[in-house]
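Q: Pasting a structure below so you can have a look.
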Amino acid sequence: MQAISRRYPRLSPFLRTVAQRERERERERESDMAGVSLVCVPLVAKSVEQMLSEMATAKVRGADVVEIRLDHLASFEPRRDLDLLLRNRPLPALVTYRPKWEGGEYEGDDGRRFEALFLAMEFGADYVDIELKVAQEFLDYLSGKRQDRTKLIVSSHNYQSTPSTEDLSSLVARIQAVGADIVKIATTAVDIVDVARMFEVMVHCQVPMIGLVMGERGLISRILCPKFGGYLTFATLSVGKESAPGQPTLSDLLDIYNIKQIRADTKVYGIVGKPVGHSKGPILHGAAFRSVGYDAVYLPLLVDDFASFLHTYSSPDFAGFSVTMPHKEAALACSDEVDPIAKYIGAVNTLIKRPSDGKLIGYNTDYTGAISAIETTLQGSSGKVSAGSPLADKVFVVLGAGGAGKALAYGAKEKGARVVIANRTYERAKELANLVGGQAISLADLENFHPEEGMILANTTSIGMHPNIHDTPLSKQALKSYALVFDAIYNPVVTRLLREAEELGVTIVTGMEMFIRQAMGQFELFTGLPAPEKLMRDTLLSIQ
Ligand code: NAP
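Under full-length UniProt numbering, the letters of the sequence shown match residues 1 to 544, in that order.
Okay, here's the thing in structure tokens:
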């Protein structure tokens with residue numbers, strides 16, 4: 001084909017496409033399920049019995065392959081144990097005997113390792129992994145006795161960083177040159193942008209490739225593997241059974257990220273923050289996407305530098321993001337266009353890439369979430385449905401002047417409320433009060449603040465949040481002046497502030513209600529579809 005393309009240069013792009021298609025078809029043939037990456041469970045148990053039992057569990061839970069990590073066995077009798085393990089395998093098996101010098105547990109000489117791997121081939125292993133550093137020696141050892149039924153994975157691990165795209169490409173070429181059936185490269189993410197280089201190399205690789213980036217910042221390489229044509233990705237049976245840093249669990253991969261449905265054109269959304277590990281967003285949005293058949297995946301995105309993240313993942317497929325601490329202000333600065341209220345608030349919690357021109361549009365669904373939760377509750381408790389907002393002309397006290405405080409203050413002002421700001425740092429209260437045309441008071445004065453009945457209190461400080469659940473920002477006595485108390489905190493769902501308000505018969509609105517509503521707002525911005533409210537509420541309830 002290269003000769004034809006040299007002779008007919010104008011045909012070259014077409015030929016490239018044909019060649020590319022051929023390679024894709026080949027890759028699909030290689031994979032047991034066309035277009036889907038295999039999910040492999042590494043077995044790091046200490047005994048053969050335990051490994052056999054974990055193999056059975058892996059099959060029941062939906063894995064495609066198991067990796068037998070011989071180097072983790074406490075005692076290993078090659079002929080007996082490999083026969084047992086491979087004869088009784090319920091799934092295709094990859095056999096790995098990783099030495100210490102490549103991040104494994106085996107400390108002996110290579111001769112014994114080669115012998116065991118050769119035996120594994122004789123017993124019918126579906127895959128055998130050998131490290132690039134000794135791959136040629138291993139092939140020399142096999143000297144023509146290589147078994148066709150066993151695919152040879154030649155692997156390279158870098159536990160420090162991810163090299164440049166050029167260096168990764170030349171590593172792929174070296175692995176291919178040695179005679180690998182499957183190329184495996186595992187590197188380490190210092191920053192989430194490192195993963196993009198692995199994706200780039202993987203989509204262009206001409207042989208099946210496993211390209212994984214280890215560590216929490218590399219998680220997306222493990223989930224988006226099918227999108228970028230990866231042959232296989234690893235997932236553990238449970239937390240603590242990882243064979244490399246950053247491996248997700250099998251149930252997360254299958255149930256939360258729906259990996260079997262990810263294809264090349266699946267859209268990517270996610271929560272950008274630092275930290276993000278605790279976020280309920282992936283479970284909530286993943287379930288919502290699935291319930292309406294929207295072809296998208298929602299990921300936790302641990303990002304250090306927001307601008308560089310956006311610049312790196314600029315393709316239209318990275319279609320939208322939820323944004324949390326500490327990036328809400330950076331998201332505003334990076335937006336091409338911003339919803340006017342988000343601009344006022346100075347924080348963007350939702351960013352979407354407009355499909356028509358790729359421009360980044362920033363929104364704030366925190367304020368709509370909180371304000372609509374309070375409005376709906378007020379309407380429900382009064383039994384009256386008024387044309388205007390039930391907040392109009394009410395005294396609305398915002399406790400706190402940070403991100404959530406600003407969102408609540410602007411939202412309340414928008415609805416015609418008379419806004420009062422109380423904050424630990426009085427200067428910040430004054431600043432915000434001036435911006436929204438409200439009044440600032442000190443925390444001490446708030447205790448006896450009671451200009452009228454029917455006031456609303458919104459706590460936007462973190463006082464009372466887990467683990468300090470016995471703290472409260474205002475005395476129970478002072479709560480008597482309010483008709484409704486809202487708390488932005490959602491962990492715990494019912495804070496001491498809300499519990500004491502409820503004991504006094506005051507109507508309460510939880511931070512969880514704000515959370516669900518801001519997530520529903522995001523879903524609608526992401527998909528253009530109405531949010532599946534019941535499904536989202538049920539999902540959230542099931543994970544509390
Ligand atoms: P932030 O920008 O850091 O603001 C924190 C505010 O709390 C500031 O006004 C700060 O006062 C005050 N504060 C903190 N510790 C205090 C203390 N010990 N005593 C008195 N005041 C104190 O944080 P944020 O983003 O607004 O978040 C605030 C809370 O809202 C968090 O609990 C967060 O989880 C919650 N939240 C919930 C949702 C939801 O969907 N439910 C969404 C966003 C935020 P100073 O100005 O004096 O520092």
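Each residue gets a CB set at the ideal place from its N, CA and C atoms; glycine is no exception.
Given this structure, state the Cα-to-Cα distance separating L117 from V128, to the nearest angstrom.
A: Cα-Cα distance, rounded: 7 Å.
Q: For T510, does the three-state DSSP call read helix, strand or coil?
A: Residue state, collapsed to three classes: coil.
Q: From what residue to what residue does the alpha helix (DSSP H) around M536 run?
A: Segment 533–542, the alpha helix (DSSP H) holding M536.
Q: Quick one: what does DSSP say V494 is sitting in, helix, strand or coil?
A: Three-state result, V494: coil.
Q: Kindly indicate which residue of E242, R217, G246, L253 has the alpha-carbon position closest to the one of P226.
A: Of E242, R217, G246, L253, the residue nearest in Cα terms is L253.
Q: Can you tell me where the alpha helix (DSSP H) holding H311 begins and where it ends?
A: It spans 306–312 - the alpha helix (DSSP H) in which H311 sits, taken as one unbroken run.
Q: Sort out for me which residues DSSP pairs M455 with in a bridge.
A: BP columns for M455 point to Y482.
Q: Quick one: grab the DSSP three-state call for D129.
A: Of the three classes helix, strand and coil, the one that applies to D129 here is strand, per DSSP.
Q: Mapping DSSP to helix, strand and coil, what is C40?
A: C40 falls in the strand class under three-state DSSP.
Q: Starting from Q50 and walking both ways along the alpha helix (DSSP H), at which residues does that stretch end?
A: Start and end: 48–60.
Q: What is the rounded straight-line gap between the Cα of F321 and the Cα of N158?
A: Approximately 30 Å, taken between the alpha carbons.
Q: In chain order, which alpha helix (DSSP H) runs of at least 4 residues are fully inside the stretch 182–234?
A: With a minimum length of 4 residues, the continuous alpha helix (DSSP H) runs that stay inside the stretch 182–234 are 194–204, 219–223.
Q: Roughly how many angstroms lie between the CA atoms of G215 and K480, to the nearest whole one?
A: Rounded to whole angstroms, G215 to K480 spans 50 Å at the Cα level.
Q: Count the other C-beta atoms from every protein chain shown that fall within 10 angstroms of the C-beta of D538, then say buried if there are 16 or more, exposed otherwise.
A: D538 should be labelled exposed.
Q: Use the C-beta contact count for S31: other C-beta atoms within 10 angstroms, 16 or more gives buried, fewer gives exposed.
A: Caution is warranted here: a pLDDT of 48 is assigned to S31, below 50, making its placement in the model unreliable, and the coordinate value is therefore given only provisionally. That one is buried.
Q: Our contact map puts H466 next to R496 with C-beta atoms below 8 Å; I'd like the distance itself, whole angstroms only.
A: Not a contact, Cβ separation roughly 12 Å.
Q: With a threshold of 8 Å, are at least 3 pairs of Cβ atoms found where one atom belongs to the stretch 456–463 and the other to the stretch 394–407?
A: Verdict: yes, contact present.
Q: Consider the C-beta atom of N468 and the heavy atoms of the ligand NAP; say whether any pair is separated by less than 6 Å.
A: No.
Q: Quick one: residues in its chain with C-beta nearer than 6 Å to the C-beta of A440, no 5 flanking neighbours on either side, listed in chain order?
A: If we look at A440 and ignore the five residues flanking it on each side, its Cβ neighbours are I421, A429, K430, A433.
Q: Going by DSSP in three states, K353 sits in which element: helix, strand or coil?
A: Strand.
Q: Give me the Cα-Cα distance between Q261 and L457, rounded to the nearest whole angstrom.
A: If I take the Cα positions, the gap works out to 45 Å.
Q: Could you pull out every residue in the same chain whose Cβ sits closer than 6 Å to the Cβ of K476, ignoring the five residues on either side in sequence?
A: Same-chain partners within the cutoff: E500.
Q: Does any heavy atom of the ligand NAP sit closer than 6 Å to the C-beta of A235?
A: Answer for A235: no, Cβ out of range of the ligand NAP.
Q: Can you tell me the Cα-Cα spacing of L435 and F234, whole angstroms?
A: Looking at the two C-alpha atoms, the distance is approximately 51 Å.
Q: Give a yes or no on contact between the stretch 286–302 and the stretch 338–358, applying the rule of three or more CB pairs nearer than 8 Å.
A: The stretch 286–302, when compared against the stretch 338–358, does not touch it at the 8 Å Cβ threshold.
Q: Please report the distance separating the alpha-carbon of T365 from that of G270.
A: Their backbone Cα atoms lie some 15 Å apart in a straight line.
Q: How many whole angstroms separate the CB atoms of I259 and G286, which I take to be in contact at a CB cut-off of 8 Å?
A: At roughly 11 Å, the Cβ-Cβ gap does not stay under 8 Å, so I259 and G286 are not in contact.
Q: Would you say F228 touches the ligand NAP, meaning its beta carbon is less than 6 Å from a heavy atom?
A: Every heavy atom of the ligand NAP is 6 Å or more from the Cβ of F228, so no.
Q: Taking only heavy atoms of the ligand NAP into account, decide whether any of them is closer than 6 Å to the Cβ of S356.
A: Outside the cutoff, so no.
Q: If I'm right that A373 touches A407 with Cβ under 8 Å, what's the distance once you round it to whole angstroms?
A: Actually they are not in contact, since the Cβ atoms of A373 and A407 sit about 12 Å apart, beyond 8 Å.
Q: Going by the CB atoms, is the gap between F309 and A330 shorter than 7 Å?
A: Result no, Cβ atoms of A330 and F309 do not sit closer than 7 Å.
Q: Nearest-angstrom Cα distance between L212 and T150?
A: Each residue's Cα considered, the two are about 22 Å apart.
Q: How many Å lie between P245 and Q136 at the Cα?
A: Approximately 28 Å, taken between the alpha carbons.
Q: Label H72 either buried or exposed according to how many other C-beta atoms from any shown protein chain fall within 10 Å of its C-beta, with 16 as the threshold for buried.
A: Buried: at least 16 other Cβ atoms inside 10 Å.
Q: Could you tell me how far apart the beta carbons of K241 and V44 are, in whole angstroms, since I believe they sit closer than 8 Å?
A: Confirmed, Cβ separation roughly 6 Å.
Q: Taking only the alpha-carbon atoms, compute the straight-line gap between M121 and V95 and give it to the nearest angstrom.
A: Whole-angstrom Cα-Cα distance: 9 Å.
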